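Here the sequence shown stands for residues 1 to 385, numbered as in UniProt numbering.
Glycine residues also receive a C-beta, built at the ideal position from the N, C-alpha and C atoms.
Computed from a prediction, not measured in an experiment: that's the story for all the values here.
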Amino acid sequence: MTSIQGTCDPAFSAVSDLLKELVDVGDELGASICVNIDGRNVIDIWGGHADCDRTQPWKEDTIVPVWSITKTITYVAVLLLADRGVLDLYAPVAQYWPEFAVNGKENIQVRHLLSHTAGLPSWDTPQDLQSLYNIPEATKKLALQRPWWTPGTASGYHAISQGYLLGELVCRVTGQSLGEFIREELAGPRDADFYLPVPEDLWTRIGQMDCIPPFDLPEGDTIALRAFRNVKAMSSEQCETQEFRRGGVGSMMGFSNARGFNRILSIVSLNGAVDGTRFLSPETTDLIFQEQISGVDLALGFFVRFGMGFGLPPGEANKSMDWIPDGRVCYWGGYGGSFAIMDQDRKMTITYAMNKMVMGTLGNPNTVKYVRAIYAAYDKYKSKL
């Protein structure tokens with residue numbers, strides 16, 4: 001039987017019980033869950049195994065690839081630069097990156113890169129692994145492309161390309177790589193176990209992923225099929241390679257655990273200030289919740305709302321996401337299941353990381369169960385205060 005480690009407020013015991021149950025029945029391999037309310041961790045738990053053979057326990061400091069959760073940390077980094085006046089989110093990207101102003105991209109604004117509306121969801125031609133790991137060259141290719149649709153008029157999830165685009169933008173205005181900036185300005189000050197890339201001396205802490213088997217995409221010329229087919233080389237198994245660990249691409253190559261990225265994302269839930277330090281002004285966090293686009297995403301194929309980077313509650317327009325509450329709430333998920341919800345109304349940050357990947361873009365069935373259990377327990381928790 002599984003032993004769940006860590007701390008859990010009694011009001012949230014159902015969440016700990018759920019993690020134990022899902023590990024016991026095999027729906028989870030190993031996982032960590034962290035919930036912070038108003039600066040206090042009411043849940044900081046982990047359990048299961050860090051390897052597919054189930055011989056190594058998931059430990060307090062186990063880290064795993066969190067795929068697109070990386071984007072949420074990248075968004076906070078870009079917002080930090082906007083808050084400091086280094087970046088204007090409504091300025092043309094070309095103001096900071098002159099080579100970008102070709103082939104109809106002269107008027108693409110920074111906010112379009114954040115909200116997946118720039119029309120650059122992928123590369124024009126299929127990219128092999130060598131090309132995707134050559135970050136300067138892959139970025140240059142994107143800068144020379146023509147948008148696939150009129151920028152700002154629709155979203156088309158920039159699943160992989162966004163990390164190259166925002167990473168270059170951060171480098172242009174700071175002289176640092178995105179990973180260096182995150183380490184110095186966010187992960188370091190917040191004492192957060194989040195790495196982009198992962199230092200080699202920490203590789204022994206990385207859990208093994210139970211990856212999604214390779215699959216074929218159907219033929220066709222839709223934006224969705226082109227977007228994902230042209231980066232098909234970046235399969236889930238790549239996260240186990242040295243190249244991925246060293247990659248540092250801000251859309252997908254971050255490594256962390258639930259506590260690690262919770263410590264950074266609590267900045268959003270707590271309106272910019274956490275543990276006595278202000279990272280973002282309230283005015284900047286307000287930008288997160290200002291809708292930039294809504295509608296059926298051209299790459300994902302379902303209804304989404306995007307603020308400045310983060311997803312916003314879809315409400316009645318996407319009832320399959322009814323487990324995301326309305327209000328000043330933002331969220332995103334990583335390939336296979338990892339998830340983050342930043343709830344300003346409740347001053348609550350919910351984070352989840354795991355190593356058994358399940359097909360899906362925004363969470364997996366376990367994600368939904370945890371989030372529902374957490375919100376059900378929240379009312380019980382508040383009533384006792």
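Problem - C-beta atoms of residue 269 and residue 343 nearer than 8 Å - result: In the sequence shown, residue 269 corresponds to position 269, counting from 1. In the sequence shown, residue 343 corresponds to position 343, counting from 1. Yes, the Cβ-Cβ distance between residue 269 and residue 343 is below 8 Å.
Practice task
Return the residue from the list 376, 348, 367, 372 that minimises the CA-CA distance to residue 42.
Solution key: To locate residue 42, count along the sequence shown from 1; it is residue 42. It is 348.
Exercise for the section: Work out the CA separation of residue 283 and residue 174 for me, nearest whole Å. Expected result: If you number the sequence shown from 1, residue 174 lands on position 174. If you number the sequence shown from 1, residue 283 lands on position 283. For residue 174 and residue 283, the distance between alpha carbons rounds to 22 Å.
Handout entry: Where the alpha helix (DSSP H) through residue 367 begins and ends
Key = By 1-based counting over the sequence shown, the position of residue 367 is 367. Unbroken alpha helix (DSSP H) run through residue 367: 365-383.
Handout entry: Option in 256, 12, 47, 242 with minimal Cα separation from residue 37
Key = One-based indexing of the sequence shown puts residue 37 at position 37. Nearest option by C-alpha distance: 12.
Handout entry: 8 Å CB neighbourhood of residue 168 in its chain, flanking five on each side removed
Key = Here the question's residue 168 lines up with position 168 in the sequence shown. Answer for residue 168: 97, 139, 143, listed in chain order.
Exercise for the section: Go through its chain and collect everything with a Cβ distance to residue 162's Cβ below 6 Å, but skip five positions before and after it. Expected result: What you label residue 162 is simply residue 162 of the sequence shown in a count that begins at 1. The residues are 251.
Problem - CB of residue 122 within 8 Å of CB of residue 226, strictly - result: For this step, residue 122 is matched to residue 122 along the sequence shown. For this step, residue 226 is matched to residue 226 along the sequence shown. Going by C-beta atoms, residue 122 is nearer than 8 Å to residue 226.
Problem - residue 305 versus residue 314 - alpha carbon distance - result: As a working mapping, residue 305 is identified with position 305 in the sequence shown. As a working mapping, residue 314 is identified with position 314 in the sequence shown. Between residue 305 and residue 314, the C-alpha separation is close to 6 Å.
Handout entry: N-terminal and C-terminal residue of the alpha helix (DSSP H) that residue 16 is part of
Key = For the purposes of this step, residue 16 is taken as residue 16 along the sequence shown, with counting starting at 1. Element bounds for residue 16: 13-24.
Exercise for the section: Pull up the distance between the alpha-carbon of residue 209 and that of residue 286, whole angstroms please. Expected result: Taking the sequence shown and counting its residues from 1, one reaches residue 209 at position 209. Taking the sequence shown and counting its residues from 1, one reaches residue 286 at position 286. For residue 209 and residue 286, the distance between alpha carbons rounds to 36 Å.
Problem - Bridge partner(s) assigned by DSSP for residue 49 - result: Taking the sequence shown and counting its residues from 1, the one referred to as residue 49 is at position 49. Paired residues: 57.
Handout entry: Distance, residue 229 Cα to residue 18 Cα
Key = Taking the sequence shown and counting its residues from 1, the one referred to as residue 18 is at position 18. Taking the sequence shown and counting its residues from 1, the one referred to as residue 229 is at position 229. Each residue's alpha carbon lies about 36 Å from the other.
Practice task
Check whether the Cβ atoms of residue 79 and residue 48 sit closer than 8 Å, and answer yes or no.
Solution key: On the sequence shown, residue 79 is found 79 positions in, with the first residue counted as 1. On the sequence shown, residue 48 is found 48 positions in, with the first residue counted as 1. Not closer than 8 Å, so no.
Problem - Reference residue 214, options 220, 231, 204, closest by Cα - result: Looking up residue 214 in the sequence shown gives position 214. Measuring from the Cα of residue 214, the nearest candidate turns out to be 231.
Problem - Three-pair Cβ contact test at 8 Å for the segment 152-166 versus the segment 238-258 - result: yes
Handout entry: Beta-carbon contacts of residue 74 that lie in its chain and below 6 Å, excluding the five residues immediately before and after
Key = As a first step, residue 74 is located in the sequence shown; it is residue number 74 there, counting from the start. Excluding positions up to five away in sequence, the list reads 166, 250.
Practice task
Look at the alpha carbon of residue 235 and the alpha carbon of residue 335, and state the distance between them as a whole number of angstroms.
Solution key: Stepping through the sequence shown from its first residue, residue 235 is reached at position 235. Stepping through the sequence shown from its first residue, residue 335 is reached at position 335. If you take the alpha carbons of residue 235 and residue 335, they lie about 10 Å apart.
Exercise for the section: Identify, in the order they occur along the chain, each residue of the same chain with its Cβ nearer than 6 Å to the Cβ of residue 258, setting aside the five sequence neighbours on each side. Expected result: The residue given as residue 258 occupies position 258 in the sequence shown. Answer for residue 258: 32, 33, 34, 351, 352, 353, listed in chain order.
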